[in-house]
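Here's the structure, in structure tokens; my notes come after.
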Amino acid sequence: MGVHEAEGELLAIHSVCVDGAHRRRGLATRLLRAYLNFVQATTPSLREARLICKQPLIPLYAGAGFSLLGPSEVVHGKDPWFEMRWAPEEEEEQHGSGGDAAEQQRQQQDGHLAQYGDCLLFPASRFRGSRFGSAQAALPATQKAVRSCRQERGRIEERNSTADQPVAVRDTAAPPAEPAADAAAAAAGADGGGASEEDDSGEWLELPEAQHVLLEPDFLDVAPQLRAHYDERVGNPLRTSSDRFVWDHWHVPGQYNLLRTPASAFFPPELYDRLEDALVEYGERVLGCRGISPVWLSYYVDGCRQGWHSDAPHGPFAFVLSLTRWDQRRFSGGETALLQPWVLDYWRGFDPRRGTETPQLITLVPPLWNQLTVFDGRLPHSVQQVEGMHDPLEARVVLHGWFTQPSPFFAGSLSEEAATPALNACLQGLYAALGGLPPVVGVVTLRLAVEPSGHVADIAWLANTLVARPQGVAAGEAPDEPCQATLATIAEHLLVARFPSNADGGETVVTLPFVFE
């Protein structure tokens, strides 16, 4: 296109499609940039280019040099559209003007993000109130591809590119998302691609995929002592001590068959306290949960099992801590089986040309020695029937329960009392924005790193079990788009939160769980 319309009313409609093998390598951004360079060389000379796009494509165009102007007056369909602008002359001046221009652009982008947030204000009637004061961030209110939607953080000068993530068993076969510092920002939707690796116009925040199972090996330092105490109490079947008469044979026909006892009554207080302290500390640090349920100690011998069930009422996360000598086992079965999340929405992606077998339908998690398995208790799950051994010393032995009471946690220079007003101000706008998004269910836990100045320096995503409710996914829309919109909205509001500065020069860490029901 050597000559374009002189009046500049319409230049072109373009689409960039990138196959899966080349995504996240900046190809779409480079193609778009080459196209803009080509247009710039045509006649008459180009003064500016404007476009409208949906939210997931904002990072793609920002990476190619476009700036966000705000919500577009032109709307196609029910989703909001946004207007962006590219001016070659201004871009050249900006590149030559040094740090002042870059800072000015960062401030301008902050204003645009605020405007972008304002356009999403809707009633938040589907969110329930707080149980832990006005600062409570627990909101009452994936599957074949990992969607890497990053949101621009031009205000932040530096950020740590690697979040402190627990080991995870993911619900799809997709590879883990690339670190934000190394990966290109990929645009979600049909026009794949992302911001190029060479892009230095801003920072990009990776949004996490859902993780429904977390694995923590070598979790407890006193696991050998707990197992030794168990062996001592059940080891001699001829001893008639009262220590042996503590087991409940829990048998519900067709559903449950195992032997269990309260762990707090079985173990010495000093051992049980260390077990409980480790679980509570993990729940606060990683999941944003203030409490745990009473812990059960159970063993499974020949014929013991748990049928398929869901633990949704008990807490957002279930846990199993194994005292099983798995590598020396002489029985079969005993794995925790979890239904793959996509099976619960089976017909949406049904393909009559493909068959499915057990590995595609369920995830099996073996109870490895001293491994803590944390999983989304809403998912239907079971315990495979144990076969082959009747001796309690050769059994599947586990401690299990639920993490409960999602609640914010504050650590560092700012006290909870000092940080609460600023957090409330941020959450008020966030709750309203979330009220206008398609419904999702699950838990998102994140950690804010707050600088001494009060600015949010980084977000670390700790846990994410979000899934979209079927009624919130439009025809032709990817099932995870409502989840990504929710995560992006949370990030955008929290990144611009302003906390009080502190005189001691120390940082503050705020852990926030969001519970969507």
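Counting with full-length UniProt numbering, you get residues 1 to 517 for the letters of the sequence shown. The beta carbon of each residue, even a glycine, is placed where N, CA and C say it ideally should be. If you're wondering where the values come from, they're calculated on a predicted model, not measured in any experiment.
Residue i, enclosing beta strand (DSSP E) - first and last residue
i: Val443; result: Val440 to Val450
i: Arg260; result: Tyr256 to Pro262
i: Gly63; result: Note, Gly63: premise wrong, no beta strand (DSSP E); alpha helix (DSSP H) at Ile58 to Gly63.
i: Asp458; result: Val456 to Asn464
i: His249; result: Asp248 to Val252
i: Phe375; result: Leu372 to Asp376
i: Val383; result: His381 to Val383
Cβ neighbours of residue i in the same chain (closer than 6 Å, five flanking residues each side left out)
i: Gly288; result: Pro406, Thr445, Thr511 and Pro513
i: Trp308; result: Pro380 and Ser382
i: Tyr299; result: Leu259, Pro392, Ala395 and Val397
i: Arg305; result: Asn257, Val383 and Gln385
i: His251; result: Asn257
i: Ser332; result: Glu387 and Gly388
i: Thr261; result: Val246, Trp247 and Leu297
i: Ser134; result: Legend: pLDDT at Ser134 = 28, less than 50; position of this residue unreliable, value from coordinates given subsequently. Closer than 6 Å at Cβ, skipping near neighbours: Asn424.
i: Ala457; result: Ala449 and Glu451
i: Val473; result: Pro479
Backbone CA spacing between residue i and residue j [nearest angstrom]
i: Ala478; j: Gly349; result: 10 Å
i: Glu517; j: Ala312; result: 11 Å
i: Gln225; j: Asp231; result: 10 Å
i: Gln463; j: Arg378; result: Contrary to the premise, residue 463 reads as Ala rather than Gln in this sequence. Looking at the two C-alpha atoms, the distance is approximately 15 Å.
i: Leu399; j: Arg239; result: 24 Å
i: Ala503; j: Asp248; result: 57 Å
i: Glu48; j: Arg33; result: 14 Å
i: Thr489; j: Leu207; result: 11 Å
i: Ala491; j: Ile459; result: 8 Å
i: Phe409; j: Glu416; result: 8 Å
i: Glu507; j: Phe375; result: 31 Å
i: Leu36; j: Glu73; result: 24 Å
i: Gln385; j: Leu423; result: 48 Å
i: Gly334; j: Pro367; result: 7 Å
i: Ala223; j: Gly315; result: 24 Å
i: Leu487; j: Gly235; result: 51 Å
i: Pro71; j: Ala64; result: 19 Å
i: Val515; j: Pro268; result: 35 Å
i: Arg159; j: Leu448; result: Note that Arg159 has pLDDT 36, beneath the 50 cutoff, so the model's placement of it is unreliable and no number is given.
i: Glu357; j: Val343; result: 12 Å
i: Pro439; j: Asp480; result: 11 Å
i: Ile58; j: Leu51; result: 11 Å
i: Lys54; j: Phe82; result: 6 Å
i: His229; j: Pro253; result: 31 Å
For residue i, the three-state DSSP class (helix, strand or coil)
i: Asp302; result: coil
i: Pro316; result: coil
i: Phe219; result: coil
i: Leu207; result: coil
i: Thr324; result: coil
i: Trp342; result: helix
i: Arg47; result: coil
i: Glu232; result: helix
i: Ser67; result: strand
i: Pro513; result: strand
i: Glu83; result: strand
i: Pro406; result: strand
i: Ser72; result: coil
i: Ala411; result: strand
i: Leu214; result: strand
i: Leu32; result: helix
i: Asn160; result: Only weak support is given to the placement of Asn160: the predicted model assigns it a pLDDT of 35, under 50, and the value that follows is read from those uncertain coordinates. Residue state, collapsed to three classes: coil.
i: Val286; result: helix
i: Glu507; result: coil
Check: residue i C-beta below 7 Å from any heavy atom of the ligand SAM
i: Glu417; result: Ligands displayed in this structure: none; no statement on the ligand SAM is therefore possible.
N-terminal and C-terminal residue of the alpha helix (DSSP H) that residue i is part of
i: Arg290; result: Looking at the DSSP string, Arg290 is not in any alpha helix (DSSP H); the run it does join, the beta strand (DSSP E), is Cys289 to Ile292.
i: Val280; result: Pro269 to Tyr282
i: Thr486; result: Glu481 to Leu495
i: Leu434; result: Glu416 to Leu434
i: Thr356; result: Here Thr356 belongs to no alpha helix (DSSP H), and DSSP marks it neither H nor E.
Whole-angstrom C-beta distance between residue j and residue i, which should lie under 8 Å
i: Val365; j: Thr336; result: 5 Å
i: Leu220; j: Ala278; result: 5 Å
i: His212; j: Pro341; result: 6 Å
i: residue 531; j: Ala411; result: Any property of residue 531 remains undetermined from this structure, which presents the chain solely from 1 to 517.
i: Glu276; j: Leu372; result: Contact doesn't hold; Cβ gap of about 13 Å is too wide.
Own chain, CB closer than 8 Å to residue i, minus 5 neighbours either side, in chain order
i: Gly355; result: none
Sequence-distant residues of the same chain with beta carbon closer than 7 Å to residue i, five excluded per side
i: Trp326; result: Pro366, Pro367, Leu368 and Trp369
i: Gly454; result: Arg498, Phe499, Pro500 and Ser501
i: residue 529; result: Residue 529 lies beyond the range of the chain shown here (1 to 517); nothing can be said about it.
i: Gly401; result: Ile292, Ser293, Pro294, Val295, Trp296 and Phe319
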